[in-house]
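S.K.: One structure is given below, represented as structure tokens, and several questions about it will come after.
Number of protein chains: 4
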Amino acid sequence: MTQIQIGSKLVYEVRQPTIFLLKITAATTPHQVVSNETLTFDPAINVENCQIGFDGNRLQRMVVQPCQMSITYQATVDLTSEIEQPSNVSESQASQMPPEVLTYMNPSRYCESDVLAKFAFEEFGQLSPGFGRVQAICDWVNSHLEYVPGTTTATTTASDVLLQRTGVCRDYAHLAISLCRGVGIPTRYVSGYAVNLQPPDYHGFIEAFLDGHWYLFDPTRLASTLGLVRIGVGRDAADVAFCTLTGSAAMLEKNVWAKSSDGGLPSVPDPAVSTA
Amino acid sequence: MTQIQIGSKLVYEVRQPTIFLLKITAATTPHQVVSNETLTFDPAINVENCQIGFDGNRLQRMVVQPCQMSITYQATVDLTSEIEQPSNVSESQASQMPPEVLTYMNPSRYCESDVLAKFAFEEFGQLSPGFGRVQAICDWVNSHLEYVPGTTTATTTASDVLLQRTGVCRDYAHLAISLCRGVGIPTRYVSGYAVNLQPPDYHGFIEAFLDGHWYLFDPTRLASTLGLVRIGVGRDAADVAFCTLTGSAAMLEKNVWAKSSDGGLPSVPDPAVSTA
Amino acid sequence: MTQIQIGSKLVYEVRQPTIFLLKITAATTPHQVVSNETLTFDPAINVENCQIGFDGNRLQRMVVQPCQMSITYQATVDLTSEIEQPSNVSESQASQMPPEVLTYMNPSRYCESDVLAKFAFEEFGQLSPGFGRVQAICDWVNSHLEYVPGTTTATTTASDVLLQRTGVCRDYAHLAISLCRGVGIPTRYVSGYAVNLQPPDYHGFIEAFLDGHWYLFDPTRLASTLGLVRIGVGRDAADVAFCTLTGSAAMLEKNVWAKSSDGGLPSVPDPAVSTA
Amino acid sequence: MTQIQIGSKLVYEVRQPTIFLLKITAATTPHQVVSNETLTFDPAINVENCQIGFDGNRLQRMVVQPCQMSITYQATVDLTSEIEQPSNVSESQASQMPPEVLTYMNPSRYCESDVLAKFAFEEFGQLSPGFGRVQAICDWVNSHLEYVPGTTTATTTASDVLLQRTGVCRDYAHLAISLCRGVGIPTRYVSGYAVNLQPPDYHGFIEAFLDGHWYLFDPTRLASTLGLVRIGVGRDAADVAFCTLTGSAAMLEKNVWAKSSDGGLPSVPDPAVSTA
Chain A
1 MTQIQIGSKL VYEVRQPTIF LLKITAATTP HQVVSNETLT FDPAINVENC QIGFDGNRLQ
61 RMVVQPCQMS ITYQATVDLT SEIEQPSNVS ESQASQMPPE VLTYMNPSRY CESDVLAKFA
121 FEEFGQLSPG FGRVQAICDW VNSHLEYVPG TTTATTTASD VLLQRTGVCR DYAHLAISLC
181 RGVGIPTRYV SGYAVNLQPP DYHGFIEAFL DGHWYLFDPT RLASTLGLVR IGVGRDAADV
241 AFCTLTGSAA MLEKNVWAKS SDGGLPSVPD PAVSTA
Chain B
1 MTQIQIGSKL VYEVRQPTIF LLKITAATTP HQVVSNETLT FDPAINVENC QIGFDGNRLQ
61 RMVVQPCQMS ITYQATVDLT SEIEQPSNVS ESQASQMPPE VLTYMNPSRY CESDVLAKFA
121 FEEFGQLSPG FGRVQAICDW VNSHLEYVPG TTTATTTASD VLLQRTGVCR DYAHLAISLC
181 RGVGIPTRYV SGYAVNLQPP DYHGFIEAFL DGHWYLFDPT RLASTLGLVR IGVGRDAADV
241 AFCTLTGSAA MLEKNVWAKS SDGGLPSVPD PAVSTA
Chain C
1 MTQIQIGSKL VYEVRQPTIF LLKITAATTP HQVVSNETLT FDPAINVENC QIGFDGNRLQ
61 RMVVQPCQMS ITYQATVDLT SEIEQPSNVS ESQASQMPPE VLTYMNPSRY CESDVLAKFA
121 FEEFGQLSPG FGRVQAICDW VNSHLEYVPG TTTATTTASD VLLQRTGVCR DYAHLAISLC
181 RGVGIPTRYV SGYAVNLQPP DYHGFIEAFL DGHWYLFDPT RLASTLGLVR IGVGRDAADV
241 AFCTLTGSAA MLEKNVWAKS SDGGLPSVPD PAVSTA
Chain D
1 MTQIQIGSKL VYEVRQPTIF LLKITAATTP HQVVSNETLT FDPAINVENC QIGFDGNRLQ
61 RMVVQPCQMS ITYQATVDLT SEIEQPSNVS ESQASQMPPE VLTYMNPSRY CESDVLAKFA
121 FEEFGQLSPG FGRVQAICDW VNSHLEYVPG TTTATTTASD VLLQRTGVCR DYAHLAISLC
181 RGVGIPTRYV SGYAVNLQPP DYHGFIEAFL DGHWYLFDPT RLASTLGLVR IGVGRDAADV
241 AFCTLTGSAA MLEKNVWAKS SDGGLPSVPD PAVSTA
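Residue numbers (UniProt numbering), protein chains in the order written: chain A, 1 to 276; chain B, 1 to 276; chain C, 1 to 276; chain D, 1 to 276.
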């Protein structure tokens with residue numbers, strides 16, 4: 001078990017009455033237990049807590065009147081990751097997958113796996129099915145992209161990234177997801193907190209459905225999969241934006257942190273990690 | 001109540017063992033009751049029936065060995081549409097919508113509402129909120145597009161359609177969905193059967209969330225919303241393809257039909273119709 | 001006649017031997033006479049002066065060794081613009097245009113007039129041919145776009161701009177060019193200096209072929225067409241980048257200026273101005 | 001010397017007065033001599049012959065009234081190709097190229113070499129400069145694309161082709177051009193006739209500027225570079241469409257032929273061929 005302290009502080013200048021949809025709180029799943037959780041708003045405000053779907057995604061919704069609004073979240077998260085030998089993790093057959101998993105084979109806004117299927121098949125179609133194939137895709141993405149903040153925007157897609165070869169965590173994730181779907185592996189986007197991420201921020205990574213479980217991968221290699229705390233999952237970043245605003249507000253401050261309680265993460269070389 | 005006889009026949013030349021995912025059977029919802037339903041396969045085969053999500057979407061999955069496979073579906077559907085005066089149907093506030101509806105505000109594969117938001121806001125942002133605004137968007141789509149089969153492909157998106165100004169039902173739906181989302185109205189894609197559709201085929205139309213209900217619109221104006229039988233709903237056509245194949249098979253035949261039992265549809269001029 | 005003092009200073013940190021292609025010097029045309037011209041390099045360097053094509057475009061080419069390189073250009077330009085009553089300027093027939101003009105009807109890198117032809121025809125196809133139609137296109141572009149630096153990149157095209165509705169001078173020009181070509185008017189991109197441009201910079205505007213002449217338009221409305229000094233013309237910005245580098249160099253400074261010698265420009269309300 | 005008989009017959013149903021721009025006649029260059037040339041129109045009509053630019057491109061322009069119009073072209077072409085040992089052909093330095101060649105380094109409508117530069121550099125940046133590098137790019141294009149008519153349209157670009165991996169001669173050419181420009185080699189599109197092309201049609205291939213000359217390559221490998229007869233050159237297919245119509249006309253027939261007079265082409269294994 002790994003215990004992780006997470007938190008984030010957001011400050012907004014709200015200029016008009018504005019609807020906030022927040023997705024910053026840790027999900028509760030069989031492998032991720034959240035305790036000592038506080039979410040405070042200054043000034044105080046009525047907040048609606050919503051559960052979305054069945055994967056633990058949560059959402060806070062509120063209408064904020066003009067003011068300077070500080071939002072502070074803190075929690076302790078106990079992770080009991082399932083760890084497997086990568087070589088033991090095979091792929092699932094499309095004829096055997098749970099039906100609700102099939103939706104993660106479909107193309108989505110930022111992951112045009114339909115367009116990239118030929119490319120994916122040509123590059124990765126001949127590899128042995130299993131954990132190693134997803135790892136090979138993530139390695140390819142990691143070695144062919146350069147991590148350069150500011151080179152992509154909120155509308156950049158996996159195809160764009162494949163051609164321009166630069167991006168940030170969200171772009172790495174979108175390209176890896178598209179290539180996995182392109183060879184028939186259901187794959188989804190995970191937003192979360194990552195221990196020791198530099199520079200600190202919310203993180204975006206991926207989860208591939210292999211051998212009946214969802215396994216974590218970080219195509220950026222900026223964080224250990226043993227220190228990833230889930231906020232939510234979706235088809236791509238469109239589903240798990242940390243804050244969606246309807247109205248007018250400017251973000252003045254964003255601080256995000258995640259620390260392992262015992263100062264480090266278990267040292268397991270390249271394990272297959274599942275927490276969903 | 002309207003009673004509709006629907007059905008379709010598909011014939012495939014299957015060349016290798018192929019996984020079929022079929023989405024051709026009518027959904028069961030509080031307003032759509034399905035009876036006398038038969039789904040036959042010739043040659044006979046084991047088929048898995050799956051329920052997907054909570055909107056009535058169904059899926060049949062089977063692995064077909066090389067053969068010529070005929071799939072015939074027939075059902076009687078009783079529609080008890082809720083009919084409202086359009087002028088009574090207002091828009092819902094994002095602060096009040098059920099959380100599960102919010103996902104239909106997100107951009108999706110073929111509906112880049114993020115890219116089209118400025119266009120949508122400029123053209124339709126000043127219109128009075130409500131049923132009439134969605135109707136205005138559908139009218140705009142209808143009058144600015146030309147219905148020309150063969151001008152779009154499986155990867156054509158709403159942005160493409162907005163520029164090229166031609167397409168088929170799926171393209172009309174994607175553009176209308178994107179523009180609605182662009183002005184803040186949750187909107188989704190509906191696949192189904194349509195009474196008297198010419199030429200007969202599966203149909204694609206849309207549903208906008210207004211005043212606490214999902215209301216039907218057909219941007220192509222090729223069918224009455226009182227004669228639309230739902231197969232499934234999704235973010236866009238990526239979610240409700242009538243047949244997804246993994247393997248190798250060629251479609252040899254497709255016949256689709258939908259007839260109102262009493263020979264016609266209730267004549268209600270431009271009503272607001274809800275069946276979900 | 002209008003006399004204009006123009007100039008610009010560029011400073012580069014050159015890190016490796018780098019080939020520079022400069023396009024910053026004023027063109028010489030029958031209506032634009034350049035005098036007192038100096039182009040100085042500090043440190044001094046061998047520079048090759050090239051004439052490109054037959055429209056007055058010039059190019060300086062040099063190989064710069066690692067150093068800090070200052071490039072200063074100054075010139076006096078006498079403009080003898082041809083000024084017409086807009087209402088007297090009709091369109092040319094494609095059957096009558098000089099053959100070398102026809103190339104400016106073709107789509108180009110940033111001006112996908114083939115994709116935008118339907119849109120252009122629908123919006124502007126019914127307007128009376130002539131200067132007024134190009135003016136209407138420029139007005140449409142001006143009123144539908146918002147001038148926001150940083151919202152577009154070097155690969156942004158007219159289609160992107162039409163959808164996202166923001167951009168800078170280059171983007172305004174590309175969209176206006178595409179819409180003009182879309183209704184059959186040869187149109188090209190002009191790079192240059194503009195009197196009183198705020199903030200000062202190189203400017204991008206357009207030239208449409210009407211009634212046997214090239215007429216100037218500035219879709220941004222940031223500068224008077226009577227104070228535009230031509231550097232070069234091309235199909236779009238790809239042809240007239242002010243500096244193309246092969247090697248490694250970073251721009252440290254860019255200053256651009258253009259002043260009318262007698263302090264102002266002739267006050268002619270919305271004239272049709274031709275200098276090519 | 002190779003003597004080639006070329007020709008083509010086009011038949012149009014002209015429904016309204018229509019402007020035709022034809023680009024089907026062989027260019028005259030120092031290495032391509034055209035004789036016994038006939039271009040006949042049935043019914044007879046006034047045709048304007050235009051020379052475009054300085055590369056031998058020609059254009060016929062005429063206004064056709066409603067009728068059924070047959071256009072027949074025939075000519076004898078003597079090719080005196082310059083043939084080099086590929087290993088003797090190096091690349092030119094951008095600092096040394098003739099200025100008019102530099103324009104073929106710019107991105108163009110269907111060849112977004114700016115977008116593809118990173119990809120090109122990564123795949124081909126480390127290869128030895130020279131004829132062999134262009135050959136390697138053409139080989140890559142040939143082996144990664146599948147020749148499938150009907151999978152691309154008039155607006156398909158090199159980026160699209162790189163992702164979808166299918167296309168026809170024009171698409172092969174656009175991708176090869178973009179990749180060459182991406183590594184700094186001026187490259188252009190050539191339209192023409194090709195001996196023994198199957199199925200017979202106008203052909204699209206490319207020319208790269210190496211060692212002071214333009215060398216021919218056919219990325220489709222459907223024709224020998226020794227049997228290519230040039231119609232025209234341009235930045236991409238946008239510049240050399242065989243027929244551009246303004247008005248309304250439908251093509252009823254297209255026949256194209258090209259035969260080597262002595263029944264075959266000189267057998268030179270993979271030579272470096274220059275005719276411009």
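By construction, the Cβ of each residue, glycine as well, lies at the ideal position given by its N, Cα and C atoms.
1) Under the DSSP definition of a beta bridge, which residues are partnered with A:I4?
2) With distances taken from CA atoms, which of C:Q93, C:M1, C:I6 is nearest D:G247?
3) Provide the residue(s) that pair with D:N88 in DSSP beta bridges, ordered along the chain.
4) B:Q164: buried (16+ other C-beta within 10 angstroms of its C-beta) or exposed?
5) Does the beta carbon of C:V183 fall short of 7 Å from some heavy atom of the ligand HEM?
6) Using the C-alpha atoms, what's the distance from C:M1 back to B:V141?
7) Rounded to whole angstroms, what's the CA-CA distance from D:H144 to C:D218? Just pull it up for me.
8) To the nearest angstrom, how far is the alpha carbon of A:V64 from that of C:G192?
9) Assuming B:Q74 and B:G7 make a contact with CB atoms under 8 Å, what is their CB distance in whole Å?
10) Hey, how far is the Cα of C:V148 from the Cα of B:L162?
11) Using the DSSP secondary-structure output, state which residues sit across from B:M69 in a beta bridge.
12) Who does residue 287 of chain D pair with in a DSSP beta bridge?
13) Spatial neighbours of C:D114 within its chain, please: CB distance less than 6 Å, with the 5 preceding and 5 following residues excluded, ordered by chain position.
14) Would you identify the three-state DSSP class for D:M62, choosing helix, strand or coil?
15) Please return the same chain residues whose Cβ sits closer than 6 Å to the Cβ of B:E48, not counting the five positions on each side in sequence.
16) Using beta carbons (cut-off 8 Å, strictly below), is B:L59 in contact with chain C?
17) Whose Cβ in chain B lies nearer than 9 Å to the Cβ of C:L163?
18) In its own chain, which residues sit with a C-beta less than 7 Å from the C-beta of C:Q51, not counting the 5 before and 5 after it?
19) What is the C-beta distance between A:Y215 and A:A272, in whole angstroms, given that I count them as a contact (C-beta under 8 Å)?
20) Who are the near neighbours of A:H31 in its chain, counting only those whose CB is closer than 8 Å to its CB and skipping five residues on each side?
21) Kindly indicate which three-state DSSP category C:Q164 falls into: helix, strand or coil?
22) Could you tell me the distance, in whole angstroms, from the CA atom of A:V77 to the CA atom of A:L265?
23) Please list, in chain order, the residues of the segment 49-76 of chain A that have any C-beta partner in chain B closer than 9 Å.
24) Could you tell me the boundaries of the beta strand (DSSP E) in which C:G192 lies?
25) What does the alpha-carbon distance come out to for the pair B:C243 and B:A117?
26) Could you run through the segment 124-158 of chain C and flag, in chain order, every residue whose CB is less than 7 Å away from some CB of chain D?
27) For C:E122, return the contacting residues in chain B, with the cut-off set at a CB-CB distance below 9 Å.
28) Would you check if the distance between the CB atom of D:I24 and the CB atom of D:A258 is smaller than 8 Å?
29) Relative to the C-alpha of A:R170, which residue among A:T157, A:S128, A:L179, A:P66 is closest?
30) If distances are taken between C-alpha atoms only, which option among C:A250, C:V256, C:E100 comes closest to C:D201?
31) Give me the chain B residues within the contact set of A:N106, using Cβ-Cβ distance strictly less than 8 Å, ordered along the chain.
32) Applying the 10 Å Cβ sphere with the 16-neighbour rule, what's the burial state of A:S178?
33) First and last residue of the beta strand (DSSP E) that includes B:F205?
34) By alpha-carbon positions, which one of B:T18, B:P17, B:S70 ends up nearest to B:D42?
35) What residues are listed by DSSP as bridge partners for A:W214?
36) When you compare the CB of D:L21 with every CB in chain C, is at least one pair closer than 8 Å?
M.R.: From the atom records:
1) A:V77, A:S260
2) C:Q93
3) Note: D:N88 sits in no beta bridge, so no partner.
4) buried
5) Ligands displayed in this structure: none; no statement on the ligand HEM is therefore possible.
6) 51 Å
7) 44 Å
8) 48 Å
9) 4 Å
10) 23 Å
11) B:Y12
12) Given that chain D is displayed from residue 1 to residue 276, the structure contains no residue 287 of chain D and the question cannot be resolved.
13) P107
14) strand
15) R61
16) no
17) E112, V115, L116, K118, F119, S159, L162, L163
18) R58
19) 5 Å
20) L79, T80, S81, E82, S274, T275, A276
21) helix
22) 14 Å
23) C50, Q51, I52, G53, L59, R61, M62, V63
24) 187-194
25) 31 Å
26) A154, T155
27) H144, R165
28) no
29) A:T157
30) C:V256
31) R109, A238, D239
32) buried
33) 203-210
34) B:S70
35) A:F209
36) yes
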